[in-house]
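Chains as they are written, first to last, in full-length UniProt numbering: chain A, 1 to 362; chain B, 1 to 256. Quick reminder that beta carbons are idealized off the backbone N, C-alpha and C, glycines included. Below is one structure; the comments refer to it alone.
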Amino acid sequence: MTVSVTTTPPANGKKVLGFLASAIILAILPFVVGNAFGNSWVRTLDFALLYVMLALGLNIVVGFAGLLDLGFIAFYAVGAYTFALLGSPHFGIHLPFYITLPLGALIAACFGLLLGTPVLKLKGDYLAIVTLGFGEIIRIFLNNLNAPYNLTNGPQGVNLIDPVSVGGFSLGKTHEFFGISFNSVYMYYYFFLALTVLVVIMAWRLQHSRIGRAWVAMREDDIAAAAMGINIRNIKLLAFALGALSGGVAGGLFASFQGFISPESFGLLESIMILAMVVLGGMGHIPGVILGAVVLTIAPEILRDVIGPLQMATFGKMIVDPENARMLLFGLALVVMMLVRPEGMWPSKRRKAEFDDAKKGH
Amino acid sequence: MAEVLLKIDGIVKRFGGLVALNQVGLTINKGEIYGLIGPNGAGKTTLFNVLTGLYMPDEGSFTFDGTNLFRAQPHVVVGTGIARTFQNIRLFKEMTALENVMVGRHIRSKAGALGAVLRDKGTRAEEAAIRAKAQELLAYVGISDVADEFAKNLSYGHQRRLEIARALATEPKLLALDEPAAGMNPRETEELKALMEKIRASGITVLLIEHDVKLMMGLCDRIAVLDYGKKIAEGVPEVVRKDPKVIEAYLGVAHS
Ligand SMILES: Nc1ncnc2c1ncn2[C@@H]1O[C@H](COP(=O)(O)OP(=O)(O)OP(=O)(O)O)[C@@H](O)[C@H]1O
Ligand SMILES: [Mg+2]
Numbered sequence: 001m002t003v004s005v006t007t008t009p010p011a012n013g014k015k016v017l018g019f020l021a022s023a024i025i026l027a028i029l030p031f032v033v034g035n036a037f038g039n040s041w042v043r044t045l046d047f048a049l050l051y052v053m054l055a056l057g058l059n060i061v062v063g064f065a066g067l068l069d070l071g072f073i074a075f076y077a078v079g080a081y082t083f084a085l086l087g088s089p090h091f092g093i094h095l096p097f098y099i100t101l102p103l104g105a106l107i108a109a110c111f112g113l114l115l116g117t118p119v120l121k122l123k124g125d126y127l128a129i130v131t132l133g134f135g136e137i138i139r140i141f142l143n144n145l146n147a148p149y150n151l152t153n154g155p156q157g158v159n160l161i162d163p164v165s166v167g168g169f170s171l172g173k174t175h176e177f178f179g180i181s182f183n184s185v186y187m188y189y190y191f192f193l194a195l196t197v198l199v200v201i202m203a204w205r206l207q208h209s210r211i212g213r214a215w216v217a218m219r220e221d222d223i224a225a226a227a228m229g230i231n232i233r234n235i236k237l238l239a240f241a242l243g244a245l246s247g248g249v250a251g252g253l254f255a256s257f258q259g260f261i262s263p264e265s266f267g268l269l270e271s272i273m274i275l276a277m278v279v280l281g282g283m284g285h286i287p288g289v290i291l292g293a294v295v296l297t298i299a300p301e302i303l304r305d306v307i308g309p310l311q312m313a314t315f316g317k318m319i320v321d322p323e324n325a326r327m328l329l330f331g332l333a334l335v336v337m338m339l340v341r342p343e344g345m346w347p348s349k350r351r352k353a354e355f356d357d358a359k360k361g362h
Numbered sequence: 001m002a003e004v005l006l007k008i009d010g011i012v013k014r015f016g017g018l019v020a021l022n023q024v025g026l027t028i029n030k031g032e033i034y035g036l037i038g039p040n041g042a043g044k045t046t047l048f049n050v051l052t053g054l055y056m057p058d059e060g061s062f063t064f065d066g067t068n069l070f071r072a073q074p075h076v077v078v079g080t081g082i083a084r085t086f087q088n089i090r091l092f093k094e095m096t097a098l099e100n101v102m103v104g105r106h107i108r109s110k111a112g113a114l115g116a117v118l119r120d121k122g123t124r125a126e127e128a129a130i131r132a133k134a135q136e137l138l139a140y141v142g143i144s145d146v147a148d149e150f151a152k153n154l155s156y157g158h159q160r161r162l163e164i165a166r167a168l169a170t171e172p173k174l175l176a177l178d179e180p181a182a183g184m185n186p187r188e189t190e191e192l193k194a195l196m197e198k199i200r201a202s203g204i205t206v207l208l209i210e211h212d213v214k215l216m217m218g219l220c221d222r223i224a225v226l227d228y229g230k231k232i233a234e235g236v237p238e239v240v241r242k243d244p245k246v247i248e249a250y251l252g253v254a255h256s
């Protein structure tokens, strides 16, 4: 695969060097992490990549187009269930991933349009409420579509989902290359990494295009945007559909990686988590959103590993249930962050300007 | 006989009980500078909003360049060839001046999401053309030096010019300007007048709202006067100025 980074500015030495360095770091990262902390942490890396894809999808809707969506996890669910139902013993259908993954993405995009159409006239809080309801409806459907006809297998979820595989080469198995053995979490890491790179390129190119400009214009002033000839309805629906598309891809990957899905994985808390990644990282800024997704995936895992032993060491017993303490600390961190740096960890120049304005009281 | 570009008839726009436009009809000919004056609250901006699809009129008819635009969507109106500026400047504040004008090219370009992602040759060429045209228009209105500044950081006069450049980017046949000289000093007003004459000379018809009567008399080929949502006069400036109804409308306002 060849990836032309950009064509206009000459690729200067520093850029190429930075590109190579990050490529090497990303390539050896799972081995460093795996050897130092164990394979469960490579698994966490895999999840971080999934969340990067999800957050970049939501970022199209929230960051680029400025449409607050609290039901984004629904598209993840649609992608995941499409993949699961077409590649598991549940129906006995075993289509290959290169059909189910795009299909799931496409169906998710259709659901994006389904959500987008009735909310065209809604903004801000109203939009948030309706999208929140949409996310819940999808989850409730998944939970209940096991009777009279068993489509989703209800709360039990779908099990034994096929791993990603091409002609007998399965990412679910351990493989050996150059005398190094790569087990499943490593295989998925590289697969997810490749797709994440594609999603990043897609998002970046969209942002720096005629479409991306129309989104920003609409976000800043939809009346002026309409008066400049932008078809607000179409550009909004496009944002919903493209965001949902990325969500659907991530969902399919999640299903194959996990091998099991149930409606429980697609609750409101997940939607909020992804939104937090976008907002905390820096809405509308791709590097910021990536950072947000990685930090918010890894930080809770670190807390999980640290809080229990720390309590044992200091008090000799568990005072607060580690799971509760983890969410408490995490919530506290979010609140502090929003107070200190509302524009996010790594905001874009544009977003920063907006917040500087707000601080000055414009 | 001059060629008609825009024709409206019997336009009515109500806001609840208020009749903001009451049976307004007018025709604008190709190539002229057409002025719209009237006291505050007469309905001038409302008429602009109706002409650009931002408000849906309740009654009447509206044709432009042979196309029926009655109750048409804004992007359809722009596509047909009407562009506007706003009385209370509505730029995309956190976009640069250049990006603002590039947004104006949206309707005259067509790269979709797939083109954006694939960056094929056609899309790249179109994007380069959009940029080049936007730069050309910034130069045309005389603000090339601030191309990369955020719109909100521009001086007032520059913001007004940027709005005109953004509107011109849509390649309008009719450019509608809502009080472009408001808040400008005499020198800036003079420069703006020259710009409007240049725009007209380039073949674009201009529809202009202004309170500065002296400016309007010197610039417009024809003027219509609105008062309480009704057109009370229309014609060449010298005649309109002496129309008793017009004098009364303005004096009446001065009294109240
Ligand atoms: N969206 C709206 N809702 C309710 N009333 C409106 C609306 N827009 C305009 N109006 C009313 O319509 C009337 C005409 O307003 P308009 O802004 O068109 O006046 P104008 O001639 O442009 O005045 P000015 O010279 O002050 O700009 C006013 O009474 C105004 O309050
Ligand atoms: Mg007005």
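- Query: Pick from B:E197, B:A111 and B:T85: whose alpha carbon is nearest that of I235 (chain A)?
  - Reply: B:A111
- Message: If you reduce the DSSP assignment to three classes, tell me which class G53 (chain B) lands in.
- Response: coil
- Message: I want to check one thing, is the minimum distance from the CB of L26 (chain B) to the heavy atoms of ligand 1 below 7 Å?
- Response: no
- With a threshold of 16 other CB atoms inside 10 Å of the CB of N59 (chain A), please say whether the residue is buried or exposed. buried
- Query: What is the DSSP secondary structure of residue 259 (chain B), counted as helix, strand or coil?
  - Reply: The structure shown does not extend to residue 259 (chain B), since chain B is modelled only from 1 through 256, so no value can be given for it.
- What's the C-alpha gap between G66 (chain B) and L5 (chain B)? 8 Å
- Item | Residue-level contact to chain A via CB, K44 (chain B), 8 Å cutoff | no
- Item | Under 7 Å from the C-beta of M228 (chain A): neighbouring residues of chain B | V78, V103, G104, H106, R166 and T170
- Query: Of all Cβ atoms in chain A, is any one closer than 8 Å to the Cβ of G31 (chain B)?
  - Reply: no
- Name the residue from A:R139, A:N150, A:F64 and A:G316 whose alpha carbon lies nearest to the alpha carbon of F91 (chain A). A:N150
- Query: By Cβ distance below 6 Å, which residues in the same chain neighbour V5 (chain A) in space, the five residues on each side in sequence not counted?
  - Reply: Confidence at V5 (chain A) is low in this model, with a pLDDT of 44, below 50, so the placement of that residue is unreliable and no value is reported for it.
- Task: Kindly list the residues whose CB is nearer than 7 Å to the CB of R124 (chain B), restricted to its own chain and excluding five residues on each side of it in sequence; keep chain order.
- Result: none
- Once you ignore the five residues that flank M277 (chain A) on each side, which residues in its own chain have a CB closer than 6 Å to its CB? A55, G292, A293 and L296
- Query: Listing by chain order, which chain A residues have their CB less than 7 Å from the CB of K93 (chain B)?
  - Reply: E220
- Query: Interface residues of chain B around L206 (chain A) at Cβ under 7 Å?
  - Reply: A113, A116 and V117
- Can you name the start and end residues of the alpha helix (DSSP H) that K214 (chain B) belongs to? V213 to L219
- Query: Under the rule that 16 or more other beta-carbon atoms within 10 Å means buried, what is V236 (chain B), buried or exposed?
  - Reply: exposed
- Message: Taking the alpha-carbon of R71 (chain B) as reference, which of B:P57, B:F64 and B:G79 has the nearest alpha-carbon?
- Response: B:P57
- Query: If you measure from the beta carbon of I223 (chain A) to each beta carbon in chain B, is any gap under 8 Å?
  - Reply: yes
- Task: Take G53 (chain B) as the anchor and find which of A:R351, A:A225, A:L245 and A:E270 has the nearest alpha-carbon.
- Result: A:A225
- Query: beta strand (DSSP E) containing Q23 (chain B): first to last residue?
  - Reply: L18 to N29
- Does the Cβ-Cβ distance between M283 (chain A) and G18 (chain A) come in under 8 Å? no
- Could you tell me whether the stretch 331–348 of chain A touches the stretch 37–50 of chain B, using the rule of 3 or more Cβ pairs below 8 Å? no
- Query: Do we get a CB-CB distance below 8 Å when we pair A147 (chain A) with the residues of chain B?
  - Reply: no
- Task: Leaving aside the five residues before and after Y51 (chain A) along the sequence, list all residues of the same chain whose C-beta is less than 6 Å from its C-beta, in chain order.
- Result: A293 and T297
- Message: Below 9 Å on C-beta distance, what does F64 (chain B) contact in chain A?
- Response: In chain order: nothing, as chain A lies at least about 14 Å away.
- Candidates B:M217, B:L215, B:L175 and B:A147, of which the one nearest A201 (chain B) by Cα: B:L175
- Item | Limits of the beta strand (DSSP E) - the one that A83 (chain B) falls within | I82 to R84
- Express the C-alpha separation of E171 (chain B) and R108 (chain B) in angstroms, rounding to a whole number. 8 Å
- Task: Run the CB neighbour count on P74 (chain B), radius 10 Å, all protein chains shown included, and call it buried at 16 or more, exposed below.
- Result: buried
- Keeping to the same chain, check which residues put their C-beta closer than 7 Å to that of M337 (chain A); ignore five residues upstream and five downstream. L280
- Query: Hey, G157 (chain A) and I73 (chain A): beta-carbon distance below 8 Å or not?
  - Reply: no
- Item | Proximity winner among A:I286, A:G251 and A:M318, relative to W208 (chain A) (alpha-carbon distances) | Here residue 208 (chain A) turns out to be His, not Trp, going by the sequence shown. Comparing Cα-Cα distances from H208 (chain A) to each of A:I286, A:G251 and A:M318, the minimum goes to A:I286.
- Task: Consult DSSP for E94 (chain B) and reduce its assignment to one of helix, strand or coil.
- Result: coil
- Please state whether DSSP places D227 (chain B) in a helix, a strand or coil. strand
- Message: Could you tell me the alpha carbon to alpha carbon distance between D221 (chain B) and Y55 (chain B), rounded to whole angstroms?
- Response: 27 Å
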